[in-house]
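Quick note, in UniProt numbering, the sequence shown goes up one by one and the last residue is 391. Glycine residues also receive a C-beta, built at the ideal position from the N, C-alpha and C atoms. Okay, structure first, notes after.
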Amino acid sequence: MPPVSHQGRRTARLACVGSSSSGSPQAAPQDTPSSGSQAAWCRPLSGCATAFGPGGGAATQGDYAADVPSPQLPPIVALGKFDALHRGHRALAAAAAGLGGAPWMVSFSGMAEVLGWPARLPLVAPCDRARVLDSWASSCQGRAPRECAVPFAEVRTMSPEAFVELLAQELAAAGVVVGSNYRFGYRAAGNTDLLQQLGPQHGMRVRVLGLVASQAGGGGAAEQHQQHQQHNGQPQQHSGVQQQDSGGRQQQQQRVQQHSPEQRAADRQEAHDAVSSSRIRHALAAGDVADAALCLGRPYRLVAALADAATSALPDGPALRLPAAALLNQPPRPGRYQVRAVLTAADTRQELTPVRQAVAGLDEAGLTLHGSGDLLAALPAGAQHLALDFL
């Protein structure tokens with residue numbers, strides 16, 4: 001598929017996810033939807049820069065991407081939470097790259113604080129996200145996806161129309177990819193049908209993907225709707241998207257079919273079998289690292305900071321011990337696990353020791369890596385993290 005045209009859009013030189021002058025997102029009024037005026041953090045996304053923040057982590061509030069010479073491609077945004085960076089998320093990134101642009105994973109920061117959700121560890125350590133995204137390049141036309149975190153407090157009251165306008169005009173997106181259950185706008189008023197109507201009005205192609213089943217291999221997803229393209233300034237509907245007649249009879253018939261008992265049962269089964277961040281959290285809580293790996297498309301990785309590491313003498317030999325506070329992402333339930341262990345720099349893409357097979361013990365107090373006390377005795381210069389891939 002040829003690259004999407006970027007004519008009529010501003011040339012993006014810097015990709016920015018910023019914050020207010022106080023250094024944190026400001027809460028927006030919560031009574032009425034916002035009209036969507038430009039926020040201070042908004043910048044067009046770039047098709048030529050790598051948006052990783054300091055230390056190799058994904059760009060976060062206040063980070064700017066480097067402006068480096070490379071072929072300019074229009075940014076195509078995949079929208080979602082992207083906590084786990086699982087196979088469904090990879091399918092969205094691959095679809096974004098398939099539209100001929102630079103794939104961007106656009107999520108929202110500060111949702112838990114704004115909505116009062118309890119704090120919890122992420123599924124992917126922040127310092128490990130760049131490694132995962134780099135590994136997706138082979139599924140994304142050779143382009144590693146990049147990340148942009150939009151402050152949730154500044155967009156939560158935007159109407160669906162204003163949010164789509166922000167994507168097109170402020171982030172300079174040439175296309176949008178979402179999952180079939182995606183909702184957006186004030187009080188989640190917008191759905192994929194509305195996105196498919198609004199996107200082409202702003203020159204954006206829209207692709208909606210079905211849920212990725214955990215049994216399926218690879219990173220592909222069934223496409224629920226065909227992409228919408230601009231044709232002579234008007235949205236062009238492709239086969240597979242039914243046209244409505246003037247009386248809306250097809251729409252009514254579709255609504256009846258979609259809500260039949262058989263369809264509802266099929267939808268429930270699809271949701272149960274689908275890859276999701278919630279499913280991965282449940283798998284970890286049950287100690288089922290195999291199911292977590294199936295959903296992720298890679299072994300589950302736990303990353304711990306080495307600052308408070310110590311050596312413990314155990315019957316099976318010296319062990320490396322780390323407190324629970326050193327864990328940077330969600331651990332599996334307490335127990336003993338077979339792992340591959342490696343020491344890394346601040347950026348986990350930089351491995352500083354050979355990978356070793358080991359047994360990791362997890363309990364409420366922290367992590368014990370059995371038979372690995374020697375790691376601290378000859379700690380490589382620059383080593384900051386212990387990374388464990390669960391087998």
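Check                                                                                                                                                                 : Outcome
Are the region 118-131 and the region 160-171 in contact at 8 angstroms, needing three or more beta carbon pairs?                                                     : no
Between ALA324 and LEU369, how many whole angstroms is the CB-CB distance? I'm expecting something under 8 angstroms.                                                 : 14 angstroms between Cβ atoms; not a contact.
So, at 7 angstroms on beta carbons, what are the nonlocal neighbours of THR348 in its own chain, with the 5 sequence-adjacent residues on each side left out?         : CYS127, ASP128, ARG131, VAL303, HIS385, ALA387
Nearest-angstrom Cα distance between ARG336 and ALA309?                                                                                                               : 19 angstroms
With DSSP as the reference, identify every bridge partner of GLU351, one or two as the case may be.                                                                   : THR344
What does the alpha-carbon distance come out to for the pair GLY142 and CYS148?                                                                                       : 19 angstroms
Which residues does DSSP pair with GLN357 in a beta bridge?                                                                                                           : ARG340
Going straight from the alpha carbon of ALA109 to that of ALA153, what length do you get?                                                                             : The sequence given here has Ser at residue 109, not Ala. If you take the alpha carbons of SER109 and ALA153, they lie about 8 angstroms apart.
Specify, as a first and last residue, the run of the alpha helix (DSSP H) that LEU367 falls within.                                                                   : That residue, LEU367, is in no alpha helix (DSSP H); its beta strand (DSSP E) goes 366-370.
Can you tell me whether GLY199 is helix, strand or coil according to DSSP?                                                                                            : helix
Using the C-alpha atoms, what's the distance from TRP104 back to GLN357?                                                                                              : 35 angstroms
Report the CB separation of VAL106 from LEU79 in whole angstroms; it is logged as a contact under 8 angstroms.                                                        : 6 angstroms
For the alpha helix (DSSP H) containing GLU161, name the first residue and the last one.                                                                              : 160-165
Which of the three DSSP states is assigned to CYS127 in this structure?                                                                                               : helix
Take ARG301 and list the residues in its own chain whose beta-carbon comes closer than 7 angstroms to its own, dropping the five residues that flank it on each side. : ASP128, ALA387, LEU388, ASP389
Pull up the distance between the alpha-carbon of VAL212 and that of ALA95, whole angstroms please.                                                                    : 13 angstroms
CA-CA distance, GLY371 and ARG333?                                                                                                                                    : 21 angstroms
Please report the distance separating the alpha-carbon of GLN350 from that of LEU379.                                                                                 : 15 angstroms
Where does ALA286 sit, in a helix, a strand or coil, going by DSSP?                                                                                                   : coil
Going straight from the alpha carbon of VAL206 to that of TRP117, what length do you get?                                                                             : 31 angstroms
Tell me whether residue 475 sits in a helix, a strand or coil according to DSSP, three-state version.                                                                 : The structure shown does not extend to residue 475, since the chain is modelled only from 1 through 391, so no value can be given for it.
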